[in-house]
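J.: Protein sequence lines, in the order shown, are assigned to chains U and P.
Position in the first sequence (from 1) plus 223 gives the number in this note's numbering.
Position in the second sequence (from 1) plus 223 gives the number in this note's numbering.
Where is the CB? At the ideal position from N, CA and C, for every residue including glycine.
Nothing here was measured: the structure is a model prediction, and the numbers come from that model.
There are 2 protein chains.
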Amino acid sequence: MWLRPERPPRDRRLTRERIVDVAVAVLDAEGHGGLSMRRVATELGVTAGSLYWYVRTKDDLLELALDRVLAEVSADPGAPGWRPALAALARSNRAMLLRHRWALSELTLRPNLGPNALALAETGLRLLERAGFAGADLDAAMAAVNDHVVGAVIAEVAWHGTLERMGESGAGWGERAAGYLREVAARHPALARRMAATGEIDVERESERRFEFGLDCLLDGLAARRLAPPPP
Amino acid sequence: MWLRPERPPRDRRLTRERIVDVAVAVLDAEGHGGLSMRRVATELGVTAGSLYWYVRTKDDLLELALDRVLAEVSADPGAPGWRPALAALARSNRAMLLRHRWALSELTLRPNLGPNALALAETGLRLLERAGFAGADLDAAMAAVNDHVVGAVIAEVAWHGTLERMGESGAGWGERAAGYLREVAARHPALARRMAATGEIDVERESERRFEFGLDCLLDGLAARRLAPPPP
DNA sequence: ACGGCTCCTTGAACATCGTTCAACGGTATT
DNA sequence: AATACCGTTGAACGATGTTCAAGGAGCCGT
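#1: Taking the alpha helix (DSSP H) that U:V407 belongs to, which residues open and close that run?
#2: Please go through the same chain and pick out, in chain order, the residues whose beta-carbon is closer than 6 Å to the beta-carbon of U:E379, but skip the five residues on each side of it.
#3: Counting pairs of beta carbons, one from the stretch 355–365 of chain P and one from the stretch 317–336 of chain P, are three or more of them closer than 8 Å?
#4: Can you round the beta-carbon distance between P:G254 and P:L293 to whole angstroms, since I take them to be within the 8 Å contact cut?
#5: Around the C-beta of U:I377, are 16 or more other C-beta atoms found within 10 angstroms, so that it is buried, or is it exposed?
#6: Kindly say whether U:D362, judged by its beta-carbon, lies nearer than 8 Å to any beta-carbon of chain P.
#7: Nearest-angstrom Cα distance between P:N369 and U:W276?
#8: Would you mind sorting U:L386 into buried or exposed? The rule is 16 or more other CB atoms within 10 Å of its CB.
#9: Measuring only between beta-carbons, confirm whether P:S328 sits less than 8 Å from chain U.
#10: If we call anything under 8 Å between Cβ atoms a contact, is U:C440 one with P:L274?
#11: To the nearest angstrom, how far is the alpha carbon of P:A302 from that of P:E352?
#12: Measuring alpha carbon to alpha carbon, tell me which residue in U:R322, U:N316, U:R432 and U:L284 is nearest P:M365.
#13: Determine the chain P residues that contact U:A381 at a beta-carbon separation under 9 Å, and present them in chain order.
#14: Please confirm whether U:E345 has its beta-carbon closer than 8 Å to some beta-carbon of chain P.
#15: Considering U:H323, what are the terminal residues of the alpha helix (DSSP H) in which it resides?
#16: In whole angstroms, give me the CA-to-CA distance for P:A311 and P:D425.
#17: Going along chain P in order, which residues have a C-beta closer than 9 Å to the C-beta of U:T270?
#18: Compare the C-beta of U:E391 against all C-beta atoms of chain P and say whether one is closer than 8 Å.
#19: Residues in the stretch 431–446 of chain U with C-beta within 7 Å of chain P's C-beta atoms, listed in sequence order?
#20: Just mark P:M319 as buried or exposed, buried being the case when its beta carbon has 16 or more other beta carbons within 10 Å.
#21: If you draw a straight line from the C-alpha of P:R322 to the C-alpha of P:L250, how long is it?
#22: Contact check, U:R417 vs P:L361 under 8 Å by CB: the rounded distance?
#23: My output table needs one value for P:G337: the three-state DSSP class, helix, strand or coil.
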């Protein structure tokens, strides 16, 4: 994908950029399922076939959209040490994934080697280099932080989606689910304890708390594995 | 989904179980994109419409398939302490996700409250309870481990997929990519250093190494946050 | 043994999707 | 002014998920 440069054109009513703009907008508004070539085309006042002049396939368009939103995550240049800086980068990454929830499903099955993805990797690596990591541990440390971000957001999105579906299922839901829940609770005491302890909880707050907890654990482990203190 | 019990039937040539069997087989063999209602139906010697007697929608079928493979992950009952036991559970989880790579994309956007998912949560929670976790930290610790597993497998699958696509792109690929790579290397020195250091590497081995690295970091952090030593 | 009833399967249909392609109008080059 | 090419159209193809009237197959009550 990133090998195919855009045509140097003449009168074009369209652009890759404008197409990706609309695609991201549609994805943000209606999620993964809401994106279709025809939808993007109508939004641009054009027929679906035209898009294929600028984009080889729908997958390519998704790849472009993914890289577009990856540009939104950035490091905080004013962070005092490697640890706050790395945490800030992770938080920025998480915030972006929560803004564009469709990006996760794309990230899952699509390789992303776009310019913004690579730039993001670069800033992360430099951060860890200054922190005192090198060699194979550098890659592993970077991966560990990214994995935690991705895994945490996946869990949050799935959780949020579950509650949304419950809301959609109309009023009589609780009664039909009660039997199932009772059976589950009987079979799984530890799970029942946790469900009882956390009554009505705010998914966003709790997800953020868990994210910070895991991030702290991870950073503790990373700090212990640093080769050298950060250079002065 | 888990509220709808199967019909008590008469002569049925089909069963939910047989349908899910075939669905999992097709998914394993041909991935997410290879699954269609018609495909499953023909595999069972039946027309597509018949499936809708047993399954309300394709999404429901995927939910069933996901819970089916979730049954494959299990804890090692003979693990000596909480830490090896938790690590074994995480490894078993990872192994399952690598066996059924399609399960990841489903896990991403689908809530999973199936019986096997809940049983899995139960064993994890019991493990952490015995390790000395309680209250909100218990949930957070469980989530942190799961997040690392999911995130790590996602990264591995995406990486593997990238290399596969490169292989498909025919011979002349390297030449067309060389310019892009050179530009990337020039713009991103740290990235270039890492790419140069790790020449031809085995994706599976390296992914496993990174997984264990991150897991160790995480477990270190968790150990430090334990409320009490494990009860005798 | 027969009628009636419910369970399950069929086959055709609908809408929508990604993608292709011949045709065609407008723009720049010669 | 003639030509060549760029960008768009509109129709089409095949495949997809899902629905539904119709019909056959087994069981029940009489």
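T.: In short:
#1: Note, U:V407: alpha helix (DSSP H), W396 to R410.
#2: Closer than 6 Å at the Cβ level, and outside the excluded window around U:E379, lie S430.
#3: A contact between stretches requires three or more CB pairs, one per stretch, nearer than 8 Å, and the stretch 355–365 of chain P fails this requirement with the stretch 317–336 of chain P.
#4: Going by Cβ atoms, the distance from P:G254 to P:L293 rounds to 18 Å, so no, they are not a contact pair.
#5: Buried: at least 16 other Cβ atoms inside 10 Å.
#6: So yes, U:D362 belongs to the interface.
#7: Their backbone Cα atoms lie some 43 Å apart in a straight line.
#8: Classification of U:L386: exposed, given that the 10 Å Cβ count is below 16.
#9: Yes, P:S328 counts as interfacial toward chain U.
#10: No.
#11: Each residue's Cα considered, the two are about 15 Å apart.
#12: The residue with the shortest Cα to Cα distance from P:M365 is U:R432.
#13: Those within 9 Å of U:A381 in chain P are L330, T331, L332, R333, P334 and N335.
#14: Yes, U:E345 counts as interfacial toward chain P.
#15: Unbroken run through U:H323: none, as it is neither H nor E.
#16: Spanning the alpha carbons of P:A311 and P:D425 requires a straight line of approximately 23 Å.
#17: Per Cβ cutoff of 9 Å: no residues; U:T270 is ~26 Å from chain P at best.
#18: Interface annotation, U:E391: not in contact with chain P, CB-CB separation never under 8 Å.
#19: Correct list: R432, R433, F436, G437, D439, C440, L441, D443, G444 and L445.
#20: Residue burial annotation: P:M319 is buried, with at least 16 other C-beta atoms found within 10 angstroms of its C-beta.
#21: So the alpha carbons of these two residues sit roughly 11 Å apart.
#22: Confirmed, about 7 Å.
#23: Residue state, collapsed to three classes: coil.
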